[in-house]
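Q: Following full-length UniProt numbering, the numbering of the sequence shown begins with 1 at its first residue and continues without gaps.
Where a beta carbon is used, it is the ideal one built from N, C-alpha and C, also for glycine.
Can you keep this structure in mind? I'll have questions shortly.
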Amino acid sequence: MSVLSTSFIEWLQANAESLDQSNERADLLISKIAAENLFKVGVPTALGGNGGNLVDAIKAIAELGNLSLSAAFVSWGHRTFIEHIIASKNPVPRDTYLADLLQGTLTAGTGLSNAMKFLSGIEELNVSIREENGKRYLNGRLPWVTNLRAERFVASFVAGFEDERNPIVIAIPSTAEGLTRTKELEFIALQGTNTTALVFEDVELKDEWILSDNAPEFLAETRPAFLGLQFGLPFGLVEKSLSEIEKTLSFRSILAPEWQAQVDALNDIKTRLFNGLNEEGYFVKHPKELFKVRIEIVDVVAQTILLELQASGGRGYLKYDTSGFSRRWKEAAFLPVVTPSAVQLRLVLANS
Numbered sequence: 001m002s003v004l005s006t007s008f009i010e011w012l013q014a015n016a017e018s019l020d021q022s023n024e025r026a027d028l029l030i031s032k033i034a035a036e037n038l039f040k041v042g043v044p045t046a047l048g049g050n051g052g053n054l055v056d057a058i059k060a061i062a063e064l065g066n067l068s069l070s071a072a073f074v075s076w077g078h079r080t081f082i083e084h085i086i087a088s089k090n091p092v093p094r095d096t097y098l099a100d101l102l103q104g105t106l107t108a109g110t111g112l113s114n115a116m117k118f119l120s121g122i123e124e125l126n127v128s129i130r131e132e133n134g135k136r137y138l139n140g141r142l143p144w145v146t147n148l149r150a151e152r153f154v155a156s157f158v159a160g161f162e163d164e165r166n167p168i169v170i171a172i173p174s175t176a177e178g179l180t181r182t183k184e185l186e187f188i189a190l191q192g193t194n195t196t197a198l199v200f201e202d203v204e205l206k207d208e209w210i211l212s213d214n215a216p217e218f219l220a221e222t223r224p225a226f227l228g229l230q231f232g233l234p235f236g237l238v239e240k241s242l243s244e245i246e247k248t249l250s251f252r253s254i255l256a257p258e259w260q261a262q263v264d265a266l267n268d269i270k271t272r273l274f275n276g277l278n279e280e281g282y283f284v285k286h287p288k289e290l291f292k293v294r295i296e297i298v299d300v301v302a303q304t305i306l307l308e309l310q311a312s313g314g315r316g317y318l319k320y321d322t323s324g325f326s327r328r329w330k331e332a333a334f335l336p337v338v339t340p341s342a343v344q345l346r347l348v349l350a351n352s
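This is the structure in structure tokens:
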């Protein structure tokens, strides 16, 4: 049974192309998703959520991905931030932001792509901490953070000290003096996601913003949620593509074995991912297993979307085809490069 209302499904279907190609409805999108109570899925009832677990939240994001990868993408960033403030030992961000995040009156972005690459040893941190006269100042630039509504947002990221101390995880509000949100980045798809860069110019760091003073430990513990929730994007896209292919099999039966192979591959990935997430601490202890399924789902997406093109024939190449194939084709191109990218994960596995 769908967690989405019929009226919202119809709205998303009607606006999927617009969300893909413009930022016109980006601000409206997050509030509409929140109205479906989607951000409450997997959040403990004691904190204002609807209960359930991370697997339930992934399935909810996949429902969005079935209709619009833009909707799934902003939900992933927003919902991942919620996981981070729930996991933090500092109650202030949770007390300050959680209720508004669940209601969609505040949007959240996770600028932790750089941090996850840092944790894997493949990139330096983009934001540094300068200490002067007993105060700490943030300087640097996060080149890519999603779901930063111009009106009001909060974003998480990692900043490093100049010495050998552990870097720290921070949740910064848009009202911080010295913080600048740039113009939206220009994509070939997923334009309606309020994805921008953040620039830090001597932003004075406040203690209440700190989610953890040990970023490597915090990121390792929350990485299963960060990556796990991200699976909602490819799951939704692949499921839609497979359903479109299935419609053609009565007259393109030659494709049936390839279609079945992708169905089986998807189900195998889901089983391994969900079993790992449901076993407490499994992917914290065995991160390589999580990386492997993340790489595999990218391959399933690529093979499935190509199969859908073959199944649709020339119709799929028409500019005004109503099946949504051309949008899915561009959306699929995003999945190998979203952080951590398939290449980055392959490098980690090759060097371990």
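Once the 5 residues before and after Asn53 are set aside, which same chain residues still bring their CB inside 8 Å of it?
A: Gly42, Leu277, Asn278
Q: Based on the DSSP secondary-structure assignment, which residues constitute the bridge partners of Thr110?
A: Beta-bridge pairing links Thr110 to Ser156.
Q: Under 8 Å by Cβ, that's how I've got Lys292 and Ser352 pegged, so tell me the actual separation to the nearest angstrom.
A: Their Cβ separation, rounded to whole angstroms, is 12 Å, which puts Lys292 and Ser352 out of contact at 8 Å.
Q: Among residues of its own chain, excluding the 5 on either side of Ser5, which ones have a beta-carbon nearer than 7 Å to its beta-carbon?
A: Glu36
Q: Name the two residues that bound the continuous alpha helix (DSSP H) containing Arg272.
A: Unbroken alpha helix (DSSP H) run through Arg272: 256 to 278.
Q: How would you write the range of the alpha helix (DSSP H) that Glu123 sits in, first residue to last?
A: Counting along the chain, Glu123 falls outside any alpha helix (DSSP H), and DSSP gives it neither H nor E.
Q: Short of 8 Å in beta carbon distance, which residues of its chain neighbour Val343, apart from the five on each side in sequence? Order them along the chain.
A: Pro336
Q: With Pro173 as the anchor, note down where its beta strand (DSSP E) starts and where it stops.
A: Unbroken beta strand (DSSP E) run through Pro173: 168 to 173.
Q: Identify the residues that DSSP records as bridge partners of Glu132: which are they?
A: Lys135
Q: Is the distance from the Cβ of Leu67 to the Cβ of Ala16 below 8 Å?
A: yes
Q: Across the region 131 to 144 and the region 189 to 209, are there enough close Cβ pairs to call them in contact, namely three or more that are closer than 8 Å?
A: yes
Q: Taking the alpha-carbon positions, what's the Arg165 to Thr304 distance?
A: 46 Å
Q: Decide if Asn23 is buried, meaning its Cβ has at least 16 other Cβ atoms within 10 Å, or exposed.
A: buried
Q: Just to confirm the assignment, what range does the beta strand (DSSP E) spanning Phe200 have?
A: 196 to 204
Q: Under the rule that 16 or more other beta-carbon atoms within 10 Å means buried, what is Phe325, buried or exposed?
A: buried
Q: So, for Ala62: in the same chain, excluding its five sequence neighbours on each side, which residues have a beta-carbon less than 6 Å away from its beta-carbon?
A: Gly232, Phe235, Gly236
Q: Going by DSSP, which residues form a beta bridge with Ile210?
A: Ile170
Q: When you compare only the Cα positions, how much space is there between Glu83 and Arg315?
A: 42 Å
Q: Just to confirm, are Pro173 and Val154 a CB contact at a threshold of 8 Å?
A: yes
Q: Cβ atoms of Thr339 and Ser113: under 8 Å apart, would you say?
A: yes
Q: Return the chain-ordered list of same chain residues with a C-beta closer than 6 Å to the C-beta of Gly49, the five sequence neighbours on each side being excluded.
A: Counting only Cβ-Cβ distances below 6 Å, and skipping sequence neighbours, we find Lys40, Val43.
Q: Got a sec, what are the start and stop residues for the beta strand (DSSP E) Leu179 sits in?
A: 179 to 181
Q: Do Phe73 and Thr110 have their beta-carbon atoms positioned less than 8 Å apart in this structure?
A: no
Q: What residue range is occupied by the uninterrupted alpha helix (DSSP H) comprising Arg327?
A: 325 to 334
Q: Would a C-beta distance cut-off of 8 Å place Arg181 and Leu211 closer than the cut-off?
A: no
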